[in-house]
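So the sequence lines, in the order shown, correspond to chains P and X. Heads up: take any position in the first sequence, counting from 1, add 672, and you land on the numbering used here. Heads up: take any position in the second sequence, counting from 1, add 672, and you land on the numbering used here. Note that the Cβ used here is the ideal one computed from N, Cα and C, for glycine as well. Since this is a predicted model, take the numbers as computed values, not measurements. Below is one structure, written out as structure tokens; the observations come after it.
Protein chains: 2
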Amino acid sequence: MEGTPRDRARSQTMADIVRIGRQHLSTEGAAALSLRAVARDLGVVSSAVYRYVASRDELLTLLVVAGYDELGDAVDSALGKVEEGDFGARLSAIGTTVRAWAVGEPAMYALLFGSPVPGYHAPAERTTEPGTRVVRALVQLWAQAYAAGAIQVPQGPPVPGSLAEAFVAVRAELGLDLPDQVLARGVLAWAALFGCISFEVFGQYGPDTFGDPAALFEHQLRVLAETVGLTDRA
Amino acid sequence: MEGTPRDRARSQTMADIVRIGRQHLSTEGAAALSLRAVARDLGVVSSAVYRYVASRDELLTLLVVAGYDELGDAVDSALGKVEEGDFGARLSAIGTTVRAWAVGEPAMYALLFGSPVPGYHAPAERTTEPGTRVVRALVQLWAQAYAAGAIQVPQGPPVPGSLAEAFVAVRAELGLDLPDQVLARGVLAWAALFGCISFEVFGQYGPDTFGDPAALFEHQLRVLAETVGLTDRA
DNA sequence: CGAAACCGAGAGCACTGCTCTCGCCAATCC
DNA sequence: GGATTGGCGAGAGCAGTGCTCTCGGTTTCG
Numbered sequence: 673m674e675g676t677p678r679d680r681a682r683s684q685t686m687a688d689i690v691r692i693g694r695q696h697l698s699t700e701g702a703a704a705l706s707l708r709a710v711a712r713d714l715g716v717v718s719s720a721v722y723r724y725v726a727s728r729d730e731l732l733t734l735l736v737v738a739g740y741d742e743l744g745d746a747v748d749s750a751l752g753k754v755e756e757g758d759f760g761a762r763l764s765a766i767g768t769t770v771r772a773w774a775v776g777e778p779a780m781y782a783l784l785f786g787s788p789v790p791g792y793h794a795p796a797e798r799t800t801e802p803g804t805r806v807v808r809a810l811v812q813l814w815a816q817a818y819a820a821g822a823i824q825v826p827q828g829p830p831v832p833g834s835l836a837e838a839f840v841a842v843r844a845e846l847g848l849d850l851p852d853q854v855l856a857r858g859v860l861a862w863a864a865l866f867g868c869i870s871f872e873v874f875g876q877y878g879p880d881t882f883g884d885p886a887a888l889f890e891h892q893l894r895v896l897a898e899t900v901g902l903t904d905r906a
Numbered sequence: 673m674e675g676t677p678r679d680r681a682r683s684q685t686m687a688d689i690v691r692i693g694r695q696h697l698s699t700e701g702a703a704a705l706s707l708r709a710v711a712r713d714l715g716v717v718s719s720a721v722y723r724y725v726a727s728r729d730e731l732l733t734l735l736v737v738a739g740y741d742e743l744g745d746a747v748d749s750a751l752g753k754v755e756e757g758d759f760g761a762r763l764s765a766i767g768t769t770v771r772a773w774a775v776g777e778p779a780m781y782a783l784l785f786g787s788p789v790p791g792y793h794a795p796a797e798r799t800t801e802p803g804t805r806v807v808r809a810l811v812q813l814w815a816q817a818y819a820a821g822a823i824q825v826p827q828g829p830p831v832p833g834s835l836a837e838a839f840v841a842v843r844a845e846l847g848l849d850l851p852d853q854v855l856a857r858g859v860l861a862w863a864a865l866f867g868c869i870s871f872e873v874f875g876q877y878g879p880d881t882f883g884d885p886a887a888l889f890e891h892q893l894r895v896l897a898e899t900v901g902l903t904d905r906a
């Protein structure tokens, strides 16, 4: 687009590196991601790649950001196709989209939400923003549902004091208006959602133990909606 | 104990290898587990280790089994200290024990419940039995609670057909007597439990976002008890 | 046009998993 | 008791890894 031919060539090469890296990530997994192999596929000697990527860790960061972005885009796109006021369907859209993406790209999902790669620490300033898109979509959904009166605030066990204190900052940062109970259950639903997906993707359920995984997940989503107090429409 | 001196020396060396491997796993992480480094710590050249362990993958398997066993023992021990009929306390014991163990041994937890190590496939015949101890403790707890009338079968969304069919085999294999609703919610609670722990151990919550993690987890456990319909005592 | 920046190739270091051969020593067999 | 077998550690070696450095060649810019 812009800049000198050299700049364009450079960003083209960068894009190629990320693309090839994603391929290797899909087929081999994160720990097997080798800068030398990427260089080979790029048709270049290994040291040349270091002109573009400072280290293997930085390549991982590039892939992490690309993965978060792709997942966030998928969720946003799915939400765009669901009626604004149908909160149950919106929650279902978020959940099934994340699950489908995770099943389709298990290695990338593992990189983002699985065990951290040893020795690698994702730089917060580059990964937190794209990495929180899904959870922000979730809390936004709950906030809208609550504002529309579509959430019946659950009774349940009392929210511990330290959690309620922390919620003050969370509310301020996200500009939320949600009671402690809903917020606390929202955190649980968030963790549970990814727990269900991780169990399926990482094979913790075992093979064919619970029948159709999509049906199982759909049911789990419904129960989670109940957990946060979401009632189908106001 | 038994066998020739050579046999005893061999099993001693095996135990040393596993012990050193666990140390490296704790400090470096699974992907950085190096057979050569273990050999160095053992005071022996790398090829000598191959007399005891066929490959790096087999060392991983040994560590996986050791980890599952340790976690299972911890859970059993904790359950032994809780009154038989106090089902809420028993669920809490299981949950907090798993969480405490995970926080104390994050690398081992990641190896067992995080993203699978690429290229490594745990042999089912050696890992499924110890790997299912926690979930078996969970369903046993629910079965006992249900038999004691301490579970109020939830209404909630209907259990999908494929799941109900799969439950037939599950019930037969574990000798259970639990309605579909409880079983389905039990699966969800199981996945959610590990989802919460994984989020904490893997740092998905972010630093200090929700205050005291133990308090957060305790609250989540209580909500999960509610999810499966567990009522404090009959 | 010349200086400066950029970039690819190649060599090299330290590390990894793993295989192979060579001896040494102990347990076993006759 | 002597010969044989088998386990075991050491060492060399292969192919791969991340990463650094230097050396030319090309492109860009002042």
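Task: Three-way DSSP call (helix, strand, coil) for residue 902/X in this model - done: Translated into the one-based positions of the second sequence, residue 902/X becomes position 230. Here residue 902/X sits in strand by DSSP.
- [ ] Check whether the Cβ atoms of residue 873/X and residue 796/X lie closer than 9 angstroms to each other.
- [x] Here residue 873/X refers to the residue found at position 201 of the second sequence. Here residue 796/X refers to the residue found at position 124 of the second sequence. Result no, Cβ atoms of residue 873/X and residue 796/X do not sit closer than 9 angstroms.
Open item on the list: Rounded to whole angstroms, what is the Cα-Cα separation between residue 696/X and residue 769/X?
Closed with: In the second sequence, residue 696/X corresponds to position 24, counting from 1. In the second sequence, residue 769/X corresponds to position 97, counting from 1. Answer to the nearest angstrom: the Cα atoms are 23 angstroms apart.
Open item on the list: When you compare the CB of residue 898/P with every CB in chain X, is at least one pair closer than 9 angstroms?
Closed with: Counting from one through the first sequence, the residue named residue 898/P turns up at place 226. Chain X, which has a Cβ nearer than 9 angstroms to the Cβ of residue 898/P, makes this yes.
Open item on the list: Strictly by DSSP, which residues pair up with residue 823/X?
Closed with: Mapped onto the second sequence, residue 823/X falls at position 151. Paired residue(s): 902/X.
- [ ] Please name the residue, chosen from 839/X, 805/X, 820/X, that lies closest to residue 881/P on a Cα-to-Cα basis.
- [x] Numbered from 1 along the first sequence, position 209 holds the residue referred to as residue 881/P. Nearest option by C-alpha distance: 839/X.
TODO: Under 7 angstroms between beta-carbons, which chain P residues line up against residue 712/X? List them in chain order, please.
DONE: In the second sequence, the residue the question calls residue 712/X occupies position 40. In chain order: nothing, as chain P lies at least about 18 angstroms away.
Task: Cα-Cα separation between residue 883/X and residue 891/X, rounded to whole angstroms - done: Position 211 of the second sequence holds residue 883/X. Position 219 of the second sequence holds residue 891/X. One C-alpha to the other measures close to 12 angstroms.
Task: Which listed residue (750/X, 756/X, 888/X, 751/X) has its alpha carbon closest to that of residue 820/X - done: Indexing the second sequence from 1 puts residue 820/X at position 148. Of the listed residues, the one whose Cα sits closest to residue 820/X is 756/X.
TODO: Give me the Cα-Cα distance between residue 715/X and residue 832/P, rounded to the nearest whole angstrom.
DONE: One-based indexing of the second sequence puts residue 715/X at position 43. One-based indexing of the first sequence puts residue 832/P at position 160. So the two alpha carbons sit approximately 51 angstroms from each other.
- [ ] Have a look at residue 690/X and residue 731/X and give me their C-alpha separation to the nearest angstrom.
- [x] Taking the second sequence and counting its residues from 1, one reaches residue 690/X at position 18. Taking the second sequence and counting its residues from 1, one reaches residue 731/X at position 59. One C-alpha to the other measures close to 7 angstroms.
Open item on the list: Quick check on residue 745/P: does DSSP put it in helix, strand or coil?
Closed with: In the first sequence, counting from the first residue as 1, residue 745/P sits at position 73. Here residue 745/P sits in helix by DSSP.
Open item on the list: Taking a contact to mean a Cβ-Cβ separation below 9 angstroms, would you say residue 857/P touches residue 826/P in this structure?
Closed with: Here the question's residue 857/P lines up with position 185 in the first sequence. Here the question's residue 826/P lines up with position 154 in the first sequence. Yes.
TODO: Report the residues of the region 848 to 876 of chain X with a CB closer than 9 angstroms to any CB of chain P, ordered along the chain.
DONE: 856, 857, 859, 860, 861, 862, 863, 864, 865, 866, 867, 868, 869, 870, 871, 872, 873, 874, 875, 876
Task: Within chain P, the residues that residue 842/X reaches when beta carbons sit closer than 9 angstroms - done: Along the second sequence, one-based indexing puts residue 842/X at 170. By Cβ distance, chain P contributes 881, 882.
- [ ] Please decide whether residue 895/X counts as near chain P, where near means a Cβ-Cβ distance under 9 angstroms.
- [x] To locate residue 895/X, count along the second sequence from 1; it is residue 223. Cβ-Cβ to chain P under 9 angstroms: yes for residue 895/X.
- [ ] With distances taken Cα to Cα, identify the nearest neighbour of residue 902/X among 741/X, 724/X, 759/X, 692/X.
- [x] Within the second sequence, residue 902/X is the residue found at index 230, counting from 1. Checked all of 741/X, 724/X, 759/X, 692/X; the closest Cα to residue 902/X is 759/X.
Task: Backbone CA spacing between residue 713/P and residue 802/P [nearest angstrom] - done: Reading the first sequence from its first residue, position 41 is the one you call residue 713/P. Reading the first sequence from its first residue, position 130 is the one you call residue 802/P. Cα to Cα, the separation comes out at about 28 angstroms.
Open item on the list: Using a 10 Å radius around the Cβ and a threshold of 16 neighbouring Cβ atoms, would you call residue 673/P buried or exposed?
Closed with: Locating residue 673/P in the first sequence gives position 1, counting from the first residue. Its pLDDT being 49, under 50, residue 673/P is placed unreliably by the model, and nothing is read from it.
TODO: Using a Cβ cut-off of 7 angstroms, pull out every chain P residue sitting near residue 891/X, in sequence order please.
DONE: For this step, residue 891/X is matched to residue 219 along the second sequence. In chain order: 829, 831, 832, 835, 856.
TODO: Name the two residues that bound the continuous alpha helix (DSSP H) containing residue 802/X.
DONE: Locating residue 802/X in the second sequence gives position 130, counting from the first residue. Taken as a continuous stretch (DSSP letters only), the alpha helix (DSSP H) holding residue 802/X covers 796 to 803.
TODO: Please classify residue 793/X: does DSSP put it in a helix, a strand, or coil?
DONE: Looking up residue 793/X in the second sequence gives position 121. Three-state DSSP puts residue 793/X in coil, outside helix and strand.
Open item on the list: Please tell me whether residue 787/X has its Cβ less than 9 angstroms away from any Cβ of chain P.
Closed with: Within the second sequence, residue 787/X is the residue found at index 115, counting from 1. Answer yes: the Cβ-Cβ gap between residue 787/X and chain P drops below 9 angstroms somewhere.
Task: Local Cβ density within 10 Å of residue 808/P, reported as buried at 16 or more and exposed below that - done: To locate residue 808/P, count along the first sequence from 1; it is residue 136. With fewer than 16 other Cβ atoms within 10 Å, it is exposed.
TODO: Spatial neighbours of residue 761/P within its chain, please: CB distance less than 6 angstroms, with the 5 preceding and 5 following residues excluded, ordered by chain position.
DONE: If you number the first sequence from 1, residue 761/P lands on position 89. If we look at residue 761/P and ignore the five residues flanking it on each side, its Cβ neighbours are 754.
- [ ] Would you list, in chain order, the members of the region 760 to 783 of chain X that have their beta-carbon closer than 9 angstroms to a beta-carbon of chain P?
- [x] 778, 779, 781, 782, 783
TODO: Name, please, each residue of chain P whose Cβ falls closer than 7 angstroms to the Cβ of residue 730/X.
DONE: Taking the second sequence and counting its residues from 1, the one referred to as residue 730/X is at position 58. Near residue 730/X there are no residues of chain P at all, since even the closest Cβ is about 17 angstroms away, more than 7 angstroms.
Task: Pair within 9 angstroms by beta-carbon distance, residue 907/X and residue 720/X - done: Nothing can be reported for residue 907/X: it is not among the residues displayed for chain X, which extend from 673 to 906.
- [ ] Taking the CB atoms as reference points, tell me whether residue 763/X and residue 811/X lie closer together than 9 angstroms.
- [x] Here residue 763/X is taken as the residue at index 91 of the second sequence, counted from 1. Here residue 811/X is taken as the residue at index 139 of the second sequence, counted from 1. Their beta carbons are not under 9 angstroms apart, which means residue 763/X does not touch residue 811/X by this criterion.
Task: Residue interval of the alpha helix (DSSP H) (run including residue 761/P) - done: What you label residue 761/P is simply residue 89 of the first sequence in a count that begins at 1. It spans 759 to 776 - the alpha helix (DSSP H) in which residue 761/P sits, taken as one unbroken run.
Task: Burial state of residue 728/X, where buried means 16 or more other Cβ atoms lie within 10 Å - done: The residue given as residue 728/X occupies position 56 in the second sequence. Residue 728/X is buried by the Cβ-count criterion.
TODO: Indicate whether residue 694/P and residue 743/P have their beta-carbon atoms separated by less than 9 angstroms.
DONE: Residue numbering aside, residue 694/P sits at position 22 when the first sequence is read from its first letter. Residue numbering aside, residue 743/P sits at position 71 when the first sequence is read from its first letter. Contact flag unset, no.
Task: Collapsed DSSP secondary structure at residue 723/P in the structure displayed - done: For the purposes of this step, residue 723/P is identified with residue 51 of the first sequence, where counting begins at 1. Reduced to three states, the DSSP call for residue 723/P is coil.
Task: Spatially closest choice to residue 852/P from 679/P, 837/P, 864/P, by CA coordinates - done: In the first sequence, counting from the first residue as 1, residue 852/P sits at position 180. Of the candidates 679/P, 837/P, 864/P, the one whose C-alpha sits nearest the C-alpha of residue 852/P is 837/P.
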